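Read through the structure below, which is laid out as structure tokens, and then see the notes.
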Amino acid sequence: MQPMKPMKRSVLAISAMALALLAQHYLARRVYVVDAILLYAVAAYLTVRAFAGTEAIAEPASASASVGVGWSQRTWGALGIACLLLVLSLIWLRSPAPPFFGTVLWLASLVSFVLAFIGQTACAAKPGGLEGQEALQRWELVVLGFVVVVGFLLRFYNLEFLPPSLHGDEAEFGLQAIRILNGQVDNFFTTGWFDFPMLSFAIYALSMRVFGISIFGLRMASAIFGTLSLVPFYFLVRLLFRRQTALISTILLAVSHWHVHFSRLGLNNILTPLFEFLAFYFLLKGLRSRRRLDFVWSGLAIGFGLYAYHASRLVPLIIPVFLAYRLITEKGFLRCHYREIAIMIAAATFAFAPLGLYFIEHGRQFMSGGRRVFIFNSRNMDHFSNAYHTRDPLPVLGIQTWHTLAVFNYWGDTGEQYGFREPILDFYTSAFFVLGLAYSFSQWRRWKHFFLNLWFWSNVVLGGILTVDAPSTPRLAGLVPVLFIFAGLALDKTGEQLSQTFRPRGKRYFASVTALTLLLVAYTNGDAYLNRYIGKQKPMSASTELARYIRSLGPGYRTYLLGAPRLYFDFSTIRFIAQGSEGVDVHNVADEVPIRSEVEKEVVFILLPSHLDALSFIRRYYPNGALEEYKDVYDHLMFASYKVSREEMEERQGLVGRYYQGENWQGKPPVIRSGSMVEAGLPGSPPGSSTLSYPFSVVWEGTIFLPGYGRYAFGLDSSTQARLFLDGQLLAEGGAGYVEGEAVLPAGPHAIEVWFVQRTADDRVALYWTPPDGGKEIVPRYMLFGDSEIHGLLGSYYANKGENLTPFLKRLDPIIAFRKLAGPGPDLSVEWEGCIRVPQSGRYTFETYSWDSSRVYLDGRLVVDNEHRGRDVRARGSVELDQGYHDLRVQGEFLSGWRLLELSWASPGERLQLVPSEVLIPPDICWGAASTVTRPPARDRSGRPLVADCILQWGSYGSQKGQFIEPRGVAVDAGGRVYVADTGNHRVQVFDGEGQLLQVWRGGNKAFVEPLAIAIDSRGDVLVLDSYTNWIQRFDTEGHYLGRFGGPQAGFFHARELAVDSQGNVYVADTGFCRIIKYSPDGIQLEVIGTQGSEEGQLVEPVGLAIDANGDIYVADVGNQRIQRLDVRGRYLDSWPIAPSESVNGPHLVLGDDGLLYATEPARQRFVVFTRDGKVVGRWGQGGQGSGQFDRPTGFALDDRGYLYVADTYNHRIQKWKVSGE
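Rendered as structure tokens:
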């Protein structure tokens, strides 16, 4: 077959290049992708045809080698010493002794090993070697030196600020290096952050020792190593091909935006190419030269590479496969080189031995990086199920393969360390790479091309396709350089063909074209990196700039950072740049403001743009702070700072003291002093400068912040008359001596007043407290503040959904702006209650921003329904509101993830903002919710006052007559007799209205098993629902059995309630089957009302029932947390929310003649009164065992005189309340 003529080869090569550039043009524009792939395929074919047969076939040097060279006594001696030193070093490193001496022994063993092979060769070399290599020229060194200098300048320029953002991984590297510099790491043969070997961090520690502990000092190590890697890369490519190929490839690598970027990061990814080049270069050079020292250097590079980035671990896999190929294809290869290969393995073992010993004992750490990213671990397959919508391995592998191969010239990087959404290669290099890869692949039988393809495809598969979220280019650190070898090979081969075709000027002409092309490539990479990448990253550098700002403040400031969940003070970037700064992450602004600690430093609040609404709350306490805004180059706000002086904070702490002349606290106080403690003495500074004289009286007033929920004891130790008021109520009063009062109080702010009379200079007074789980002490000054207005909503916090719905925390939250709600379990639900003051009538928009579900109710109406799971969502609702006060309830349920909830509003004509604390009114102030201190009576918002008082209680735990075990149902007949379903004792007890026992019923023709509900029908008969047997038994008022209906054929499942309408029809709440069954007065089933679901008119576990005179049905729809009103046919009319509960202890309902609906709230230990359209009139009760306190109030009944009888189930008693107008 005749060889192809040079002109034809040139035409094919030029055509291939043109088609490749056209294909890349399509890919760059994201159009005609299939056409682009086809064009690339044609270009690849033309390239293979053009360059076929142009590469000479050289005889493998080992094929003719036969003479071996033995080892001298010096070599054996040095090897023996090296082995001894290594063994001693490993023994030392495993011992509890300090590892320094063991490290020295290891280094000495390496030196001895190297000395053993200086001057040693293997076999007698055949003249000319494997392929005659061109001699190194002086101009070649000059050009290489120039490329290296340019490469260094590209990596060194403005290194502190480009990239502008210090990546968190860089900062972690820096922090590990600082630990080394501070002497906190004594053994380098362990692992640190992310299981990287500590010796890897030591390189960056050395850099910061030389260049300073800064971003520049951290990144300088990478810049140096990235630049140095150009030198072995050049000689490696020169060894494989021509000097022209090496020069082109090195220039392409030097200006590559990917290589430049990772050479400017304080990360160890860039170490992988350096050790890789050294290992490959000295191996190939050793196989050519047969100098045993080359194999030593190659082995050491392999071993030290294992201390670097995880991608370096592919090198020990690539080299054995390559050597096996040479062994199979080259006769005599093993006979000539087995000793040298053994030397290389030994050198690698010596280098890696200390860390290898550590990994033998901690094997999971060695493979941790691979396990995390391997696509077929279960967690990553779950990820693919969401990302690729399949768990089938074959489709997953197909998608991963496409993503990985496309990253070179089509796709963007998915890794966070770079994240450049453009290909690794620039436009021109992409085309050259495809052509070079095609040619090299066609020549894979030649060892050098087998080596390149092995290098390329092993990294593609193991570093790309088989790793999650491919393509993450940091994992391809060992692959990227070979791309430029392919590109350089294609460009050089094309030039070689053109030079032969257009002699004698072709060589010079193509050299000029190549130079211009390389300049164009350099410009393209520079534009991509500096303009398109850096330009887009500048707005993302807020964390870095914020850290620099914190560092600039110096040690005199304490930082409060409002950045969750985007940014935390513990974020590595801040910890690295602002080392030694003191800071706090503010998840919930009301937890930190006002400052409740000793004031030792100035304070600065730093707010990200997403948190700026919290500034108004901070300013409420510290109005004189200094606000500054910091913007990026595009004038976008990065963060704002609000500085508060130490003087202002100290002034805000303490109470306001009003001093009166005389003992009666009357008249205008001549002295008003802020920042006061409760202590005796004349006010004034200096002492004796006061305008008062003895005797005088003083009132200290303000706010006390309680740190937790529970029982507090407050005491006054005084020598004269003194009083203590908490939340407006007298808690303790006394004369000389110590007096104390106790109360169970929610956490948060409470109004406090202390009244004191001082008659002489010797009088004394001090305010003490005993917090829950704490000891008695004087109330610290920093828990007291002069603001006496209390604002906020009362939050009840519940852990774990289920039977126990007792709050683990009650807290008055001044503002609903939570970025991280704390709770003891994985599940958390919170309900906030109170009022909101509407400044003007109009349409208001409310919004919740929450992770998981949240809801907002106004005057009992659902306004915002933010129902979702597993993500943060904003939801809005609008409502017309009149000026004045409105009931407000906010609910949040957090089942997973980030516990976020913010409540915002927009008044008419205003923007959306956090609902300010000033308009939130605690429930005990706005409608008299039960508290530990007696409060004013609850009032209907229409102005109709109600009063509820517990006037009687009877019963206790037991089975004797008059005792109860979990009573649940109550009914009252027209004669005032009270019927109680004593469920735990399987009986019904009958009492008069004063609690005197009249009768005990144990059933009709069958004994009661689980009597749960009682009702009085229109004939005055008593109906008893036995939930276990499903029978509804009928008795007269004397207990005579009259009959029964229902039973097993009724098909109830845990029925819980009975109700009777004005026609005598009986309604049964079939709780388990989510329906209501209607019977005639004679027990004939008439109708089934409701189906299971959450739509209007549907039910989930209905419990309480009440029927009004019109036949409307009120049902406590427990599963949907609402009361529904249905018409006589079961059609939906209205609904409003109720507190969460469970069906066993579900809420029960009763209608009064006054038009009000009464409902128990068992989980909240109280009952609530609604108007018939769901408006809250009032709530009474709290948890406990005292009078008026409950433990799961369930069933209840109302007589015609306004007396309410409540089954206090877990207190095993009945309570009688009087509810009436004031």
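All you need for the working numbering is the position in the sequence shown, starting with 1, plus 52.
We put the beta carbon where it would ideally sit given N, CA and C, even for glycine.
Just so we're clear, the structure is a prediction, and the values are computed from it rather than from any experiment.
In chain order, what residues of the same chain lie with their CB nearer than 8 Å to the CB of residue i, ignoring the 5 residues before and after it?
i: Ser1275; result: Any question about residue 1275 goes unanswered here, given that the chain covers just 53 to 1274.
i: Lys862; result: Tyr761, Pro798, Ala799, Leu846, Gly847, Ser848 and Tyr849
So, for residue i: in the same chain, excluding its five sequence neighbours on each side, which residues have a beta-carbon less than 7 Å away from its beta-carbon?
i: Phe472; result: Gly464, Asp465 and Tyr585
i: Asp247; result: Gln417, Ser420 and Gly421
i: Arg1174; result: Ser1187, Trp1188, Pro1189 and Ile1190
i: Val100; result: Ala490, Tyr491 and Ser494
i: Tyr361; result: Asn320, Asn321, Leu323, Thr324 and Ala529
Buried or exposed: where does residue i fall if 16 or more other Cβ atoms within 10 Å of its Cβ makes it buried?
i: Lys588; result: exposed
i: Thr986; result: Annotation note: pLDDT 27 at Thr986 (below 50); position unreliable, coordinate value reported separately. Label assigned to Thr986: exposed.
i: Ser308; result: buried
i: Trp191; result: exposed
i: Met59; result: exposed
i: Asp478; result: buried
i: Lys828; result: exposed
i: Trp1305; result: With the chain covering only 53 through 1274, there is no way to say anything about residue 1305.
i: Glu111; result: Unreliable positioning characterises Glu111 in this predicted model, as indicated by a pLDDT of 47, which lies under 50. A coordinate reading is not provided.
i: Glu1147; result: exposed
i: Ser482; result: buried
i: Phe334; result: buried
Got a sec? Which residues, its chain only, sit under 6 Å from residue i by beta carbon, not counting five neighbours each side?
i: Ala981; result: Low local confidence applies: a pLDDT of 37 at Ala981 is under 50, so the model's placement there is unreliable, and no value is given.
i: Ser749; result: Tyr712, Glu715, Trp717 and Val809
i: Ala229; result: Phe253, Tyr256, Ala257 and Met260
i: Thr909; result: Note on residue identity: the sequence assigns Tyr, not Thr, to residue 909. So the qualifying residues of the chain are Arg941 and Pro1189.
i: Gln1137; result: Tyr1131
i: Asp1260; result: Phe1242, Pro1245 and Gln1267
i: Asp1122; result: Phe1104, Ala1107 and Ile1129
To the nearest whole angstrom, what separates the beta carbons of residue i and residue j, a pair I think is in contact under 8 Å?
i: Ala1168; j: Val1155; result: 5 Å
i: Thr1081; j: Lys1058; result: 7 Å
i: Gly838; j: Arg704; result: 7 Å
i: Ala72; j: Val486; result: 6 Å
i: Phe20; j: Leu358; result: A query on residue 20 cannot be resolved here, the shown segment of the chain reaching from 53 to 1274 and no further.
i: Ala616; j: His639; result: 5 Å
i: Leu939; j: Asp911; result: It is Asp, not Leu, that sits at residue 939 in the sequence shown. Indeed they touch by this definition, with Cβ atoms about 5 Å apart.
Give the DSSP-derived three-state secondary structure of residue i in the structure shown.
i: Phe1104; result: coil
i: Lys60; result: helix
i: Phe657; result: strand
i: Pro150; result: coil
i: Trp1269; result: strand
i: Tyr711; result: strand
i: Gly450; result: helix
i: Trp496; result: coil
i: Trp642; result: Correcting the residue type first, residue 642 is Ala in the shown sequence and not Trp. Three-state result, Ala642: helix.
i: Pro1192; result: coil
i: Trp463; result: coil
i: Asn918; result: strand
i: Phe1125; result: coil
i: Thr99; result: helix
i: Ile476; result: coil
i: Tyr470; result: coil
(request) Enumerate, from N- to C-terminal direction, the unbroken alpha helix (DSSP H) stretches of 4 or more residues contained entirely within the segment 572–614. (result) 586–589 and 594–605
(request) Counting only runs of 4+ residues fully inside the segment 370–416, write out the alpha helix (DSSP H) ranges in chain order. (result) 385–413
(message) Extract the residue ranges of the alpha helix (DSSP H) inside the segment 498–578, only unbroken runs of 4 or more that lie entirely within it.
(response) 499–512, 532–553 and 558–578
(request) Pick out the complete beta strand (DSSP E) segments inside the segment 793–834, 3 residues or longer, and give them in chain order. (result) 800–810 and 817–822
(request) For the segment 650–699, list the beta strand (DSSP E) runs that are entirely contained and at least 3 residues long, ordered along the chain. (result) 654–659, 678–683 and 689–696
(message) Threshold first: 4 residues or longer. Then list the alpha helix (DSSP H) segments lying entirely within the segment 1048–1115, N to C.
(response) none
(message) Quick check for students: name the residue ranges of the beta strand (DSSP E) that lie wholly in the segment 887–966, counting only runs of 3 or more.
(response) 894–903, 906–910, 913–918, 924–933, 936–946 and 953–958
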